[in-house]
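Here is the structure we will look at, set down as structure tokens.
Residue numbers (full-length UniProt numbering), protein chains in the order written: chain V, 1 to 695; chain H, 1 to 470.
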């Protein structure tokens, strides 16, 4: 305010100007006080007299101003003088003064809760909910909500804490009456309060929804979203199915209207729409065109729109969607192009009848020979092969022709996977894989792992021609490779091949369940939570509130709160453990192995699980520090992706095992006692002998 | 459960004005300023920075927060948020605050704000509580408690005169005494007037074959009311069925709209947006054909009916070192003139050496000129072009486009060795005065509750933003 200069030295002089009839001057002096009271706490007391006098001024503006400023000063000495004027102002005849006083109570509670309790301000606030002026009601509600939040953060000695704001049926009625008469901000506050109300029966829920629906037509987007939130929460209690449908129908147009707003608002709206669609995919079924990206849209808007478009894809609009996605794939922005190509793959996996058209679009894109387009297209093709095994083999030569252009690990790994999978159908598969075996040491780990698996597949499918290359790759992987994952996988393959080629076949060439696009990007339990938080940061980040504005509430507290509600959280926990064990994925594969003949699904599942992950949507926009969130996304995709119970069952023993450090002790989980990993040299020796025996 | 405050940054990223923060940590606002300034250079296209930035806490004990921000003229306004608040709430407040500033100062810039520090601070005080709750944001009520800067008040303050009588006495019982929250009590005007501007905005995407992919028209009824007393207005339309998805100013009685699609309201004073709507053409023969295939396609077809008011024929040929382009634009408006038409195309990173010839083709009736009249240097006769080296975009401007006139732009550009990578779309913006796509017509405005007969005015205005791909 003072262009960086410290003007606290003028405090006494400014103070002298406080008693003035010029309202503008008074305001500016008060403003100065607010900013500098902290630096001159002992001088502030000089202002008290004027404050108290002003709180009695005939002009309501001056009264309100005095009360408001006193509440903000945060000086101990002032506070003791605040209570009497505040008491008076809460009963002021002017609504502007009353509502200012109501907010002041919340600030006082922040500084000295006991003063609020002693003076009975809380009771007074509760009375003010019945005020005739809607503005006063809404500000009172904000004050009570603020106090509630502050109180729930403090340890309380009396139970129940009187400061906690529980909304009773009569309060709810007053709120519903005040709602249409408030300013937009007041409406948001009241709607948030209504969202917290716990309904008794279906009739009450219906009543709330019907009263809130008109708010969807408000010009202000935050009112609309707050209303959507209330409806989503209370529609759960509505039993009449046709009413729920009707409510959902009414929600769609206002959401679409938000897309005519500036990009920042659009983004928030889109994130929320994305979440709503996961719960109610039908609400915008006919509106896909609204989400078409324009070249000028900022990237963050485009990405969100793309996601929603795929979500809305259905038989009747898939052609439009595909031509649009193809258009995006020729754009300038590399990130966006990649995302568009991914979206084509997701469409193919989602809609069976459109798969062929998607493949054709991808072939067109590969023909452009733009490096990153080709690479992304190869990655996407892999996913399509996993969904529709042995359907589009005609494409493989085209893919292999682009082998030299690939320089990204993911694209390479994908192509190698495809070659391995169809090794018996590609004439020169041994030569192609040979290229990667030659450069094995230079490749990144994901490529190494895929090469290893692909070569073993090749060997199992064409034993005679691939003997040499498999031996070479196993040798290199076990001797020269510095990644323990790669080494271990090589050992396991080696041992498998040497002891029982039949078993190896059953494991490595097992048929995998086709993948599918997860309908939700977050776990269903979490989705419900997030939907209750719609129109909040949580819904924008698609993560529970505790993870980013935790205020230290993460931990035992939040767990115990959730435990009763849903077992989703414990499942989440379990998966968290599973995901930790991901580094030990190869070992996990074999955990299920000896259990029986259902085993292949175990391996398949894990591989699927691991590969699905990059394709799964990134929920985290720049906030990925928190490991929990990534896990949540994994959970979502894994859970929805498999659909079948078998892979999940295969996962089940995992947590117990992985709780011990994964690399060290996991060997104990092997059904077939492998060599003790502690003696590396020995273990290296043994499988080698075995393989020699095999040959 | 509210926002934390506002920080206004100038174009160098330095804070010029900030509201009082309740947070105990003095570093809190600075953390957000830093977080924003750090995020800004990371965005690869200006303006592409995420609208909600995550701000890690300064101390481990503190909780992290988020920073919402919008651009406003040459400034950025940041809005730190620490609780689980609706970011839309923050953005809505930012927008409201910017509107208020515009209302007070006209065109905004860092300089205007610096000149009017006192007023801006007063506005901040009145609109945002220290706890982060928005207070008074209705311009009507605000003008009562914060005097807008005017030459007169400046003169008087220099002369030492005291103006506060205007605030303190306040005709008709002072501020906030009105029973209607959005309207001041005791208003008096010598001439009672009310004006309606129907402002419609077309956004459309057209593919390379000239087929409209998506097209929507969003409309607003901007109102300027200067009416005395407490008038009760009833606005009826001859064709209210053309508009859907309405969002209303709180003054409109929703029940009445539901019943007979007429807007009944007691207007706020001065400028306000009465309603926003979406124009959806009624199902005609074309869409009726689609109904047999199911309702979804019928709905889509209906939306395609809005005709794009011009036809563009882009021909772009790319070579290894650049490309040539030819755009031919034909107005399809039957009788209205399009104005301020601007077509823009991004030519790709490192593009340069742009040479163009703008010309006017045949057609357009008596105003038509010969096509080879290309020697004249720009100007409205042929349109003009510029190359924006910062945005790497060629810009083609046609100030006036008469009905069914034809315009041409031929040009070439060079690209760096990596080959040209231009945008595959042109962005075309235009306005059409006195025209609406929806042709929503006001039937009549009845004012009851007051004795006078107000002067009424209605105006249409259309702007468009079309993406034309090639």
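Positions of the beta carbon are idealized from the N, C-alpha and C atoms, including for glycine. Every value quoted in this text rests on a predicted model; they were computed, and no experiment measured them.
Quiz item: Can you tell me the Cα-Cα spacing of residue 486 of chain V and residue 379 of chain V, whole angstroms?
Solution: Locating residue 486 of chain V in the first chain gives position 486, counting from the first residue. Locating residue 379 of chain V in the first chain gives position 379, counting from the first residue. Across the structure, residue 486 of chain V and residue 379 of chain V are spaced so that their CA atoms are roughly 21 Å apart.
Self-check item: Span of the alpha helix (DSSP H) around residue 435 of chain V
Solution: On the first chain, position 435 is the one that residue 435 of chain V refers to. Its alpha helix (DSSP H) spans residues 429-438.
Exercise. Give a yes or no on whether 9 Å exceeds the smallest Cβ distance from residue 140 of chain V to chain H.
Key: Along the first chain, read from residue 1 onward, the residue named residue 140 of chain V stands at position 140. For residue 140 of chain V, the answer is no, since every Cβ of chain H falls outside 9 Å of its Cβ.
Self-check item: Residues that DSSP places opposite residue 18 of chain H in a beta bridge
Solution: Residue numbering aside, residue 18 of chain H sits at position 18 when the second chain is read from its first letter. For residue 18 of chain H, which the question treats as bridged, DSSP gives the partners H:7.
Quiz item: Using a Cβ cut-off of 7 Å, which residues of the stretch 254-288 of chain H contact any Cβ in chain V, in chain order?
Solution: Those residues of the stretch 254-288 of chain H that come within reach of chain V (Cβ to Cβ, closer than 7 Å) are 254, 273, 276 and 278.
Self-check item: Inter-stretch contact at 8 Å, needing at least 3 Cβ pairs: the stretch 182-194 of chain V / the stretch 494-504 of chain V
Solution: Here the stretch 182-194 of chain V does not lie against the stretch 494-504 of chain V, with fewer than 3 beta-carbon pairs under 8 Å apart.
Quiz item: In chain H, which residues lie with their C-beta within 9 Å of the C-beta of residue 28 of chain V?
Solution: Taking the first chain and counting its residues from 1, one reaches residue 28 of chain V at position 28. Under the 9 Å cutoff, chain H gives 118, 121 and 122.
Quiz item: Which of helix, strand or coil does DSSP assign to residue 333 of chain H?
Solution: The count along the second chain starts at 1 and reaches residue 333 of chain H at position 333. Residue 333 of chain H falls in the coil class under three-state DSSP.
Practice problem: Quick one: grab the DSSP three-state call for residue 239 of chain H. | Solution: Locating residue 239 of chain H in the second chain gives position 239, counting from the first residue. The answer is coil: DSSP assigns residue 239 of chain H none of H, G, I, E or B.
Quiz prompt | Residue range of the unbroken alpha helix (DSSP H) whose run includes residue 97 of chain H | solution = Mapped onto the second chain, residue 97 of chain H falls at position 97. Counting along the chain, the alpha helix (DSSP H) containing residue 97 of chain H begins and ends at 87-105.
Practice problem: With a 10 Å radius around its C-beta and 16 neighbouring C-beta atoms as the bar for buried, classify residue 122 of chain H as buried or exposed. | Solution: Numbered from its first residue, the second chain carries residue 122 of chain H at position 122. Answer is buried; the Cβ neighbour count reaches 16.
Practice problem: With 7 Å as the C-beta to C-beta threshold (strictly closer), list the residues of the stretch 210-223 of chain H near chain V in chain order. | Solution: From the stretch 210-223 of chain H, only 213, 214, 216 and 218 have a Cβ closer than 7 Å to chain V.
Quiz item: Do you know how far the Cα of residue 221 of chain V is from the Cα of residue 75 of chain V?
Solution: Position 75 of the first chain, counted from the start, is the residue given in the question as residue 75 of chain V. Position 221 of the first chain, counted from the start, is the residue given in the question as residue 221 of chain V. Between residue 75 of chain V and residue 221 of chain V, the C-alpha separation is close to 38 Å.
Practice problem: Go through its chain and collect everything with a Cβ distance to residue 207 of chain H's Cβ below 6 Å, but skip five positions before and after it. | Solution: Sequence index remark: in the second chain, residue 207 of chain H carries index 207 (1-based). Same-chain partners within the cutoff: 213 and 469.
Quiz prompt | Same chain, Cβ closer than 7 Å to residue 122 of chain V, five either side skipped, listed in chain order | solution = For the purposes of this step, residue 122 of chain V is taken as residue 122 along the first chain, with counting starting at 1. Only 116, 162 and 163 meet the Cβ criterion.
Quiz item: How about residue 129 of chain H: is its C-beta nearer than 9 Å to some C-beta of chain V?
Solution: Stepping through the second chain from its first residue, residue 129 of chain H is reached at position 129. It does: the Cβ of residue 129 of chain H has a partner Cβ on chain V nearer than 9 Å.
Quiz prompt | Where the alpha helix (DSSP H) through residue 346 of chain H begins and ends | solution = The count along the second chain starts at 1 and reaches residue 346 of chain H at position 346. The continuous stretches of alpha helix (DSSP H) do not include residue 346 of chain H, which lies in the beta strand (DSSP E) extending over residues 338-346.
Quiz item: So is residue 346 of chain H buried or exposed if we call it buried at 16+ other beta carbons inside 10 Å?
Solution: By one-based count along the second chain, residue 346 of chain H stands at place 346. Around the CB of residue 346 of chain H, 16 or more other CB atoms lie within 10 Å, so the residue is classed as buried.
Exercise. With DSSP collapsed to three states, give me the class of residue 126 of chain V.
Key: As a working mapping, residue 126 of chain V is identified with position 126 in the first chain. Residue 126 of chain V carries a helical assignment under DSSP once its states are collapsed to helix, strand and coil.
Quiz item: For residue 168 of chain V, does the count of other Cβ atoms within 10 angstroms reach 16, so buried, or fall short, so exposed?
Solution: The residue you call residue 168 of chain V lines up with position 168 of the first chain. Label assigned to residue 168 of chain V: exposed.
Self-check item: Interfacial residues, the stretch 233-249 of chain H to chain V, with Cβ spacing under 9 Å
Solution: Going along the stretch 233-249 of chain H in chain order, one finds 244, 245, 246, 247, 248 and 249 with a Cβ nearer than 9 Å to chain V.
Self-check item: Buried/exposed call for residue 339 of chain V, threshold 16 Cβ in 10 Å
Solution: Locating residue 339 of chain V in the first chain gives position 339, where the first residue counts as 1. It counts as buried.
Quiz item: What's the C-alpha gap between residue 148 of chain H and residue 105 of chain H?
Solution: Working through the second chain from its first residue, we reach residue 148 of chain H at position 148. Working through the second chain from its first residue, we reach residue 105 of chain H at position 105. Approximately 8 Å between the Cα atoms of the pair.
Practice problem: With 8 Å as the limit, tell me which residues of the stretch 305-326 of chain V have their beta carbon closer than that to any beta carbon of chain H; keep them in chain order. | Solution: Residues 316, 317, 320, 323 and 324.
Exercise. Taking only beta-carbon positions, decide if residue 134 of chain V is within less than 9 Å of chain H.
Key: If you number the first chain from 1, residue 134 of chain V lands on position 134. For residue 134 of chain V, the nearest beta carbon of chain H is closer than 9 Å to its own beta carbon.
Quiz item: First and last residue of the alpha helix (DSSP H) that includes residue 173 of chain V?
Solution: Start at 1 with the first residue of the first chain, and residue 173 of chain V comes out as number 173. Element bounds for residue 173 of chain V: 169-178.
Exercise. Find the nearest neighbour of residue 200 of chain V within the set V:22, V:176 and V:238, judged by alpha-carbon distance.
Key: For the purposes of this step, residue 200 of chain V is taken as residue 200 along the first chain, with counting starting at 1. Taking the Cα of residue 200 of chain V as reference, the smallest distance to any Cα among V:22, V:176 and V:238 is reached at V:238.
Quiz item: For residue 295 of chain V, does the three-state DSSP call read helix, strand or coil?
Solution: For the purposes of this step, residue 295 of chain V is identified with residue 295 of the first chain, where counting begins at 1. It is coil, neither helix nor strand.
Quiz item: Would residue 234 of chain V count as contacting chain H if we go by Cβ distances under 9 Å?
Solution: Along the first chain, read from residue 1 onward, the residue named residue 234 of chain V stands at position 234. In terms of beta-carbon proximity, residue 234 of chain V stays away from the interface with chain H, with every pair separated by 9 Å or more.
Quiz item: Is residue 68 of chain H helix, strand or coil when you go by DSSP?
Solution: The residue you call residue 68 of chain H lines up with position 68 of the second chain. Three-state result, residue 68 of chain H: strand.
Exercise. Report the residue ranges of all beta strand (DSSP E) runs contained in full by the stretch 14-41 of chain V; include only those spanning at least 3 residues, in chain order.
Key: Within the stretch 14-41 of chain V, no run of beta strand (DSSP E) reaches 3 residues while sitting entirely inside it.
Quiz item: When the Cβ atoms of the stretch 503-516 of chain V are set against those of the stretch 456-463 of chain V, are three or more pairs found closer than 8 Å?
Solution: Taking 8 Å as the limit for Cβ pairs, the verdict is that the stretch 456-463 of chain V does touch the stretch 503-516 of chain V.
Quiz prompt | Closest Cα partner of residue 408 of chain H within the set H:328, H:390, H:339 and H:75 | solution = Here residue 408 of chain H is taken as the residue at index 408 of the second chain, counted from 1. Comparing Cα positions, the closest option is H:328.
Exercise. Pull out every residue of the stretch 414-433 of chain H whose Cβ sits closer than 7 Å to any Cβ of chain V, in chain order.
Key: 421, 423, 424, 425 and 427: these are the residues of the stretch 414-433 of chain H whose beta carbon lies less than 7 Å from some beta carbon of chain V, given in chain order.
Exercise. Report the neighbours of residue 18 of chain V on chain H: residues whose CB is nearer than 8 Å to its CB, in chain order.
Key: Counted from its first residue, the first chain places residue 18 of chain V at position 18. Contact note: residue 18 of chain V does not reach chain H at a C-beta cutoff of 8 Å; the least C-beta distance is about 15 Å.
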